[in-house]
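Please read the structure below before turning to the comments.
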Amino acid sequence: MSIPTIELVTHASVLVRQGQTGLLTDPWYSGPAFHNGWRLMHEPSEQQVADVLSRTTDIWISHEHPDHFSPAFFKRWGDTIRDAGIHIWFQKIADQRVAHFLRAQGFELTEMALGQAHQIGELTCVCLKDEFYDSLLSIRGGGRHILNVNDCNIADRPRAEEIKRAVGTCDILLTQFSYAAWKGGRENRTWREAAAREKLENVAVQADVLEPKMVIPFASFVRFAHKRNSYLNDAANTPADVVARFENAPFAVQVLAPGDVTDGTPDRAASDAAVAWWAANDASDRPLMGYESVDETALRDAFDNWITRIHQKNSVPSMTVAARLSPIRVLQPVTIFLDDVNQTWRVDPVRGRLEQTSDEPDLMMHSASLHFLFANSFGFDTLSVNGTFEEAREGGFSRAARSLAIENLNNLGLSFGPGLLLERQVIGAFFERLSKVRRRLRGA
């Protein structure tokens with residue numbers, strides 16, 4: 006019986022091969038992500054991508070974030086995917102944005118029922134949901150169990166035990182190894198250092214419960230690549246940090262460079278070479294990206310569209326009641342200073358107003374960032390990940406999130422109305438994340 010192999014393409018994309026089956030994960034191979042906030046450390050050449058696709062029979066997408074689901078990839082390589090009959094797999098969820106896009110492009114798509122076994126060629130796979138967007142994939146073939154948890158927030162033993170009960174222990178664990186979102190302002194390096202340590206502790210918890218023989222660190226081979234967020238790289242973990250942290254662990258850490266292949270047999274020399282390769286190819290020498298200013302007319306047009314979306318998807322009376330009575334002060338007006346145009350705007354999601362003000366701002370950002378937030382249903386999510394903003398006063402980010410993140414809930418199939426009270430687990434997880442942010446900013 007042959008055993009599966011794992012080949013790293015870049016970042017969160019690996020090709021798992023078993024016999025005639027080639028399962029490719031999360032292909033993002035070129036261009037920026039998160040509104041010019043992120044850049045790949047390594048972009049494979051067109052020939053390399055073509056070669057990978059020639060050995061691919063299926064593609065799995067973990068979630069809709071653009072470093073995992075890249076519309077540009079599917080548009081560029083759509084003919085190749087369709088002509089080869091490559092099948093695409095995605096989690097079955099209420100949010101249909103990814104599924105609608107893929108079907109509109111003419112791809113063969115299966116939405117995977119969560120927790121159920123799916124036969125993908127010679128591999129048996131189970132997809133599990135994680136909190137809001139993410140999902141993980143259990144892959145079995147050739148007597149091996151590969152568990153790809155990518156960005157999933159498996160940060161404590163109870164959560165890891167849930168996964169163990171669902172899919173069992175694994176032979177090989179693929180997991181994210183560094184933080185990948187805004188972690189305080191320029192002066193808040195201590196938060197980023199703590200976040201980096203926490204990521205490694207997450208790996209420790211996952212490995213302790215899931216008992217892999219090998220851990221492959223991946224899904225963190227990116228840089229914050231904008232003039233406004235590049236400081237966020239200052240405490241990010243490197244592959245060398247992962248190796249050092251688990252030097253005496255009961256499992257092997259196998260770092261892969263692009264094109265490296267493993268069958269689960271530890272190879273310290275190859276891992277050390279990969280660590281050196283990433284250190285020499287971290288994209289730190291590439292020019293930083295920027296934004297062009299957006300004028301008031303375009304900003305107001307985008308705001309009008311934002312308010313229309315929000316008021317169509319949510320009950321305005323319910324929003325009004327929540328704003329007045331909620332003990333956590335949701336849906337309050339948010340004040341934002343646009344430093345490139347020297348304007349301060351008051352954003353009121355309940356009353357649907359955008360007004361200039363002289364009030365003290367909650368956040369400071371570029372006009373292009375606020376325009377992007379209004380123009381896209383995933384706008385606030387993108388902003389919180391790419392980190393191209395600063396908190397202008399204490400508690401500003403939490404106040405903004407409790408108001409501007411309303412479309413995050415809508416994208417999960419939730420809306421402000423009587424039924425929202427029934428979604429306690431999701432709402433609890435959402436506000437727990439905000440509480441963690443608030444505690445970090447206060448130095449707790």
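Numbering-wise (our numbering), the sequence shown opens with residue 6 and increments by one.
Just so it is clear, CB atoms sit at the ideal spot from N, CA and C, and this is done for glycine as well.
Small disclaimer: the values here were computed from a predicted structure and weren't measured.
Endpoints, the alpha helix (DSSP H) within which M324 is located: Start at 1 with the first residue of the sequence shown, and residue 324 comes out as number 319. Where M324 is concerned, the enclosing alpha helix (DSSP H) stretches over V321 to L330.
7 Å Cβ cutoff met for A250 and R44: If you number the sequence shown from 1, residue 250 lands on position 245. If you number the sequence shown from 1, residue 44 lands on position 39. One detail in the question is off: residue 250 reads as Arg in this sequence, not Ala. The answer is no: Cβ separation not under 7 Å.
Inter-residue Cα distance where the pair is M46 and D290: The count along the sequence shown starts at 1 and reaches residue 46 at position 41. The count along the sequence shown starts at 1 and reaches residue 290 at position 285. Rounded to the nearest angstrom, the two C-alpha atoms are 10 Å apart.
Every unbroken alpha helix (DSSP H) within the region 246-326, with a cutoff of 4 residues, ordered by chain: 273-285 and 301-318
For G99, the residue or residues it bridges with in DSSP: By 1-based counting over the sequence shown, the position of residue 99 is 94. The identity of residue 99 in the sequence shown is Ala, whereas the question assumes Gly. Paired residues: none, contrary to the question.
Unbroken beta strand (DSSP E) run spanning T129, endpoints: If you number the sequence shown from 1, residue 129 lands on position 124. Counting along the chain, the beta strand (DSSP E) containing T129 begins and ends at L128 to K134.
Spatial distance of K232 from Q124 (CA atoms): Within the sequence shown, numbered from 1, the residue matching residue 232 stands at position 227. Within the sequence shown, numbered from 1, the residue matching residue 124 stands at position 119. Their Cα atoms are separated by approximately 45 Å.
At least 3 beta-carbon pairs within less than 8 Å: the region 61-76 vs the region 136-155: yes
C-beta contact flag for L375 and I411 at 7 Å: Position 370 of the sequence shown, counting from 1, holds the residue named residue 375. Position 406 of the sequence shown, counting from 1, holds the residue named residue 411. It is not a contact, given that the beta carbons lie outside the stated cut-off.
Inter-residue spacing [alpha-carbon to alpha-carbon] between F223 and T302: As a working note, residue 223 is residue 218 in the sequence shown. As a working note, residue 302 is residue 297 in the sequence shown. Looking at the two C-alpha atoms, the distance is approximately 42 Å.
Contacting residues, own chain, Cβ-Cβ under 7 Å from D72 (five flanking each side not counted): In the sequence shown, residue 72 corresponds to position 67, counting from 1. Result list for D72: H16, A17, W33, A38, W43 and V227, in chain order.
Contact set for K188: own chain, Cβ-Cβ below 6 Å, skip 5 residues either direction: The residue you call residue 188 lines up with position 183 of the sequence shown. Cβ within range, chain order: W196, R197 and A200.
Close Cβ partners of Q337 (< 6 Å) along its chain, the five nearest in sequence each way excluded: In the sequence shown, residue 337 corresponds to position 332, counting from 1. Counting only Cβ-Cβ distances below 6 Å, and skipping sequence neighbours, we find S408.
Where F137 sits in the DSSP three-state scheme: Position 132 of the sequence shown, counting from 1, holds the residue named residue 137. DSSP, reduced to helix, strand and coil, places F137 outside both helices and strands of the structure shown, so it counts as coil.
Ordered list of alpha helix (DSSP H) runs contained in the region 27-85, each at least 4 residues: 51-59 and 76-81
Sequence ranges, beta strand (DSSP E) only - wholly within the region 392-426, length at least 3: Those beta strand (DSSP E) runs which fall completely within the region 392-426 and span 3+ residues are 394-396.
Backbone secondary structure at D345 - three-state DSSP: Residue numbering aside, residue 345 sits at position 340 when the sequence shown is read from its first letter. DSSP places D345 in coil when its eight states are reduced to three.
DSSP three-state assignment for P222, whether helix, strand or coil: Mapped onto the sequence shown, residue 222 falls at position 217. Strand at P222.
Beta-carbon spacing of R149, P9 below 7 Å: Within the sequence shown, the letter at position 144 stands for residue 149. Within the sequence shown, the letter at position 4 stands for residue 9. Their beta carbons are under 7 Å apart, which means R149 touches P9 by this criterion.
Distance between beta carbons of I177 and P217, contact taken as under 8 Å: Within the sequence shown, numbered from 1, the residue matching residue 217 stands at position 212. Within the sequence shown, numbered from 1, the residue matching residue 177 stands at position 172. At roughly 6 Å, the Cβ-Cβ gap stays under 8 Å, so P217 and I177 are in contact.
Sequence-distant residues of its chain with Cβ nearer than 6 Å to M370 (five each side left out): Walking along the sequence shown from the start, residue 370 turns up at place 365. So the qualifying residues of the chain are F394.
CB contact flag (S331, F421, <7 Å): As a working note, residue 331 is residue 326 in the sequence shown. As a working note, residue 421 is residue 416 in the sequence shown. Taking 7 Å as the cut-off, the beta carbon of S331 is found no closer than this to the beta carbon of F421.
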